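These protein sequence lines map, in sequence, to chains A, B and C. Positions 1 to 317 (this note's numbering) are the ones given, in order, by the first sequence. Positions 1 to 260 (this note's numbering) are the ones given, in order, by the second sequence. Positions 1 to 551 (this note's numbering) are the ones given, in order, by the third sequence. C-beta atoms are modelled at their ideal positions from N, C-alpha and C, and glycine is treated no differently. All figures in this text were calculated on a predicted structure; none of them were measured in a lab. Notes to accompany the following structure.
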Amino acid sequence: MQYFLRRVLVNIPVLILVTIVIYLLINLAPGDPVDFFVNEEIGITKEDLDFVRERYGLDDPLPVRYVKWLGQVVQGDLGFRFKNGDDVAEVLAVRLRRTFLLMGTALAIGIAVGVTLGIFIGLRQYSFWDFTFTGLSFVGISMPAFIAGIFGLYVFSVKLGWFPSGGMRTIGKPDSLFDLLYHLALPAGTLAIFNLATFMRYTRFSMLEVRGEDYVRTAKAKGLKPPAVTWRHVFRNALLPIVTVVGLSLPTLVAGALFTETIYSWPGMGALLVDAVAARDYPMVMGIMLVTALVVLTANLITDLAYAVADPRIRYE
Amino acid sequence: MFAVVLLASVAAPLIARYDYAALNLPEKFQSPSFAHFLGTDRVGRDIWSRTLYGGRVSLAVGFAAASISTVIGVILGSVSGYYRGKADQVIMRFTDVVMTFPRVVIILTAAIYLGQSIASVIFLIGIFSWPGITRLVRGQVLSLREQQFVLASRSLGAGNRRIIITHVLPNVVAPVLASVTFAVNGAILLEAGLSFLGVGIPLPTPSWGNMLETARSLDVLQDGPWIWVPPAIMILLTVLSINFIGDGLRDAIDPRYQQG
Amino acid sequence: MSKPTLLSLTLILAFALLVGCTAPAAAPAAEEADATMAESSDEMAEVEQVLIGGFDVGPGGDPQGVLYNNGAGNVWFVKMFTPLIIMDQTFSNHTSEAALAVSWEPNEDATVWTFNLREGVKWHDGEDFTASDLKWTAEFVAAPMAAVTHFGISQPDQVMGWTEFNEGEADEITGIRVVDDLTLEVELNIPNPRFYDAVRAFYALPEHAIDFDSTEIFSSEWWFTNPIGTGPFKFESFEKDQFMSLVPNELYWDGTPELDQLINRYFVDETAAVLALESGDIDFTYVSADVASRFADNPDYQIFSGPSFVTNMFNFNYNNGVWADKRIRQAFMHGIDRASILSDVFNGTAQATPCHDSYPTFWPEDASYYEYDPDKARELLAEAAADGITLEGINLDIPTYYTSQLAKDILTVMQANMADIGVNINPTFLDVPTWRTVVLDNAQEWNIAYLGAGGGPASYNPAWYIEDNQWGIEDPAYADLFAAMDAAQTAEEYKVARTALCKHQNEEATMGYWWVSTRYGIASVDVEDFHYFPAPGGGPYVDRSQDWNMK
């Protein structure tokens, strides 16, 4: 408990440090928010741009802008988008919900199926099933997400007509849970394949690793039945890397998946970040980064705590 | 299998029948034929040659980036997990910070300062991928350092460095190998994405990633599978090979497994 | 922990995640569903005519944009709002048609323009539209703190009193005068016989219905909750990032539209829109040239196409290096196999252009298209080298913001062509803000940029070529050529002057002018009397959306 509190407290300066670094990086990146207001075909004077710049407070020196931003954030105000004046916090709330749904489903499927298959083939190394599942899952990950998405749409929507061609609901039809799941199936399925491959690999490797350990052999020698050995000893100890990988995957729940969201017209966080970066929309970018950083830090903390649960020998003083 | 992939890439100049950059507009977008084993792309370049040469770039990027991140990850992870305390705190908080870095923004900035080259691609991918491996290794080491054989050798007076090298590292090989597989695969695919943001491999050098990326265009995806299927298969073979090598390697390193 | 515990833990975790996520997302939507269901069940008897399109896909479209925001989304906004005058259907003659104004004429020296407005135009809420709405709109968007960079009137400083008002020194724009309810007068600082070209995007906003301040133009929710216009369709509903739905405006002056619903679905990616079109989920979308050919022989689709009115060129940076030497520039023109690029890479979806101007009307008949001639290119380079002018040691990275596969293919061919004559160019693909930083802010570091430039058929920004231009072009001929254009009184005189300018650019190869590409819109054959046109800046143009109907 004390460890937990200390970690939470340590995370506060880390978070501030992170925002400073990110703020610096964004401002260091080439491009200027006022570029969004420029249209070559119309012709805009430098005065116009200076005016826009002043209006958004971009004429202040960098440290001043950062302190202003931080001051607002502390008061719970994430500011407004340069691009269209939207409230950053509101945009985040909407987008987070969508991304969480998509990534959560994909991660859940990935963990459930991946770990199960990983155990299955981990117990049957070099068997037919081992090669089949390994091969299939690698087909999935050897393709860029974007191409996989186009492929998914092309096959299941255009050719077979089983699923809608992206979007989150059928326009003109009443909204329903079924409709949402219907639209969720393809993008979540595409993402799940990648998660599945990841979890299957780590599980399989860990299973193989611990099977050779002394205590497993001891357990077998004691006359425990194979399934009992598997569950009580092998899987238990293979859990550690899986916990780490789950922890590493948690941030994707809020970061989203750019290419999958883009091709399936699922307007989530991944697409939002790219949109915000493309417009050099600093308040939006900072808002996204703040949430992401928070989740990364929290996920890492949870992972560390989960180690102690998975393996009681690990203690935090 | 891997030897074949590697050899094909290394020996590309001997096997390739055309210059990978040689245009031949009258013969563009042709399906496989005797003249072009794997057909030609939209500007008439030979896919067979481009696949072979593309392997050089992709394998270099994949392995170099994966090596950088793995080496950093294993060192930081084992130090952090084994010594605990201050070292752990500092390394892990640093890892936290790096994990929160916005990739797109860094890549955009790098586009200006680094420019287009294989080296900048490797560097960029390498610096993004190590925190995951660090955390993975650390998690394993945290558990290992409490295990009997480690405690035993410590009580026998073995030095920390010796314990890490002889006892701890062999036991983190499995998850590390799994992550290397994904790191190589990820680097090969990510490379193509970078070229949209001004850092990637300069034209007209082929890579499996940028060949595969042409399938973004629907007519290539649908009507020109010979353009993107070969690099996809090469990536698949590479990743599978690494995976099997990993399997073999851990069998060899881990003597206990051979009995079990 | 035992086996069942772990198994169930995994399952529970998966299930909880799923349920946890779906519940909040589904709840608010369910309420809406009840409302729409009640409404639609009455009309279910006859088949509803619903057209769903990707109207904001492609260049110029911006689902998050609002009117007077960077000119985005004209294709969509013209359904709800109406400009003063409007481009004709295909803009082939570059003429304007009546919209809110039915006729317009200048006084003798073209300093005062009178616009006679249409009778019987009503806002969506039933109020009458009058000339004072237009004056109010001009002042609303030109207000000092509005920070609107696109004013609907291009080069607005030519309007008398505009600058004073914009700078906060006057209470009104004195040059815009309401003569009576149906007559608007605009007085200019300078004579402009082609002022009509400047007001095509001058949409009217309703003074009585706008409840927000000028400074909130970009941020007001009004645009997405209760916008009021004078167009054929009126607002029904909006789902952020997903779609906007419109219904017919029964008060429309040219009759009630036939469609029962017109929906704009938003896509982040063009490929996604094309796949939605192919799967039958939408009826229309913009597509790029390389995709359009997929639909060419398909009887299920109708293709709409037109030039992009954007000239793609190599922008030579005269501030650096060797570009003042004509031989170097011409070596590029002869060294690159433009004809093959047009026929084999563009597959005929682009047209060679002789000069900066993207309107073929102004292209001289005897223009040179610089035949592909690598020997001549080498000769030109050698001659220049003999005078000590070479490309050696010069940075020939070519920054561009075109990142499509088509652009990569084009630049690949250019790179190979130039390599044949011993010049190594290196295209670099950048996102737009990065490109702007590289090209505009660090002009000393690059020599060639690949870009596109557009303009109006009756206005031409001289900033590229005359004195103190940012690319360092020092060609005294340009001042006279532009002056001649400004002085032209009749359309014929203007054409002669602008053609002469084109001719000079062509002869000098001041920049490497390459081509104007074709843009496409694809609609399903189920949509009848449909019209789309890739107008400059997205329009607005006459599309007669009131006649659109579904088979």
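Segment limits, beta strand (DSSP E) that includes residue i
i: Gly512 (chain C); result: Gly512 to Ser524
i: Asp397 (chain C); result: Asp397 to Thr400
i: Glu239 (chain C); result: Phe233 to Glu239
i: Asn116 (chain C); result: Val112 to Leu117
i: Met244 (chain C); result: Phe243 to Pro248
Buried or exposed (CB count within 10 angstroms, at least 16 for buried), residue i
i: Asp34 (chain C); result: Note that Asp34 (chain C) scores a pLDDT of 39, beneath 50, so its modelled location is shaky and nothing firm can be said.
i: Trp162 (chain A); result: exposed
i: Leu277 (chain C); result: buried
i: His124 (chain C); result: buried
i: Ile398 (chain C); result: buried
i: Asn315 (chain C); result: buried
i: Pro61 (chain A); result: exposed
i: Thr218 (chain A); result: exposed
i: Thr353 (chain C); result: buried
i: Glu270 (chain C); result: buried
i: Asn317 (chain C); result: buried
i: Glu221 (chain C); result: exposed
i: Ala101 (chain C); result: buried
i: Ala23 (chain C); result: Because Ala23 (chain C) carries a pLDDT of 35, less than 50, the predicted location of this residue cannot be relied on, and the following value inherits that uncertainty. Counting Cβ neighbours within 10 Å, Ala23 (chain C) comes out exposed, since fewer than 16 surround it.
i: Ala384 (chain C); result: buried
i: Leu440 (chain C); result: exposed
i: Gln148 (chain B); result: exposed
i: Arg81 (chain A); result: buried
Alpha-carbon spacing of residue i relative to residue j, whole angstroms
i: Thr260 (chain A); j: Pro433 (chain C); result: 24 Å
i: Ala3 (chain B); j: Thr51 (chain B); result: 16 Å
i: Leu28 (chain A); j: Glu213 (chain B); result: 29 Å
i: Arg498 (chain C); j: Trp363 (chain C); result: 9 Å
i: Glu41 (chain A); j: Ala119 (chain B); result: In this predicted model, Glu41 (chain A) has a pLDDT of only 45, less than 50, meaning its place in the structure is not dependable enough to derive any value.
i: Ile171 (chain A); j: Gly175 (chain C); result: 46 Å
i: Ser245 (chain C); j: Val159 (chain C); result: 36 Å
i: Pro232 (chain C); j: Gly539 (chain C); result: 16 Å
i: Met333 (chain C); j: Asn166 (chain C); result: 44 Å
i: Tyr266 (chain C); j: Ser265 (chain A); result: 8 Å
i: Gln30 (chain B); j: Tyr20 (chain B); result: 16 Å
i: Ala443 (chain C); j: Ile91 (chain B); result: 42 Å
Pick from the options that is closest to residue i, judged by C-alpha positions
i: Leu203 (chain B); options: B:Leu249, B:Val98, B:Trp48 and B:Gly54; result: B:Gly54
i: Leu15 (chain A); options: A:Ala310, A:Met289, A:Phe82 and A:Ala148; result: A:Met289
i: Asn312 (chain C); options: C:Met511, C:Pro232, C:Ala386 and C:Asp431; result: C:Met511
i: Cys502 (chain C); options: C:Ala419, C:Ser358, C:Glu239 and C:Ile425; result: C:Ser358
i: Glu508 (chain C); options: C:Ile328, C:Leu134, C:Gly120 and C:Lys495; result: C:Ile328
i: Val94 (chain A); options: C:Tyr460, C:Val102, C:Asp241 and C:Met87; result: C:Asp241
i: Thr292 (chain A); options: A:Gly270, A:Arg280, A:Ala306 and A:Ile302; result: A:Gly270
i: Thr298 (chain A); options: B:Asp223, B:Arg93, B:Asp219 and B:Thr109; result: B:Arg93
i: Phe304 (chain C); options: C:Glu48, C:Asp529 and C:Phe346; result: C:Asp529
i: Gln64 (chain C); options: C:Val268, C:Glu383, C:Val345 and C:Met485; result: C:Val268
i: Asp375 (chain C); options: C:Asp409, C:Arg118, C:Phe346 and C:Ile336; result: C:Ile336
Enclosing alpha helix (DSSP H) for residue i [first to last residue]
i: Glu493 (chain C); result: Ala491 to Glu508
i: Pro433 (chain C); result: Val432 to Arg436
i: Trp222 (chain C); result: Trp222 to Thr225
i: Gly118 (chain A); result: Val88 to Gly122
i: Leu275 (chain C); result: Glu270 to Glu278
Handout entry: Members of the region 413-436 of chain C near chain B, C-beta cut-off 9 Å
Key = Val413, Gln415, Ala416, Asn417, Ala419, Asn426, Pro427, Thr428, Phe429, Leu430, Asp431, Pro433, Thr434 and Trp435
Exercise for the section: Residues of the region 498-519 of chain C with a CB closer than 9 Å to any CB of chain B: list them in chain order, please. Expected result: none
Practice task
Output, in sequence order along the chain, the residues in the region 305-316 of chain A whose CB is closer than 9 Å to any CB in chain C.
Solution key: none
Handout entry: the region 255-286 of chain C: positions lying closer than 9 Å to chain A by Cβ
Key = Gln261, Ile263, Arg265, Tyr266, Phe267, Val268, Asp269, Thr271, Ala272, Ala273, Leu275, Ala276, Leu277, Glu278, Ser279, Gly280, Asp281 and Ile282
Practice task
Check distances from the C-beta atoms of the region 115-137 of chain B to those of chain A and list, in chain order, the residues that come in under 7 Å.
Solution key: Gly132, Arg135 and Leu136
Practice task
Could you list the residues in the region 198-224 of chain B with a C-beta less than 7 Å from some C-beta on chain C, going in chain order?
Solution key: Answer in chain order: Gly198, Pro202, Leu203, Pro204, Thr214, Arg216, Ser217, Leu218 and Asp219.
Handout entry: Interface positions of the region 14-26 of chain B facing chain C (Cβ-Cβ less than 7 Å), listed along the chain
Key = From the region 14-26 of chain B, only Ala21, Leu23 and Leu25 have a Cβ closer than 7 Å to chain C.
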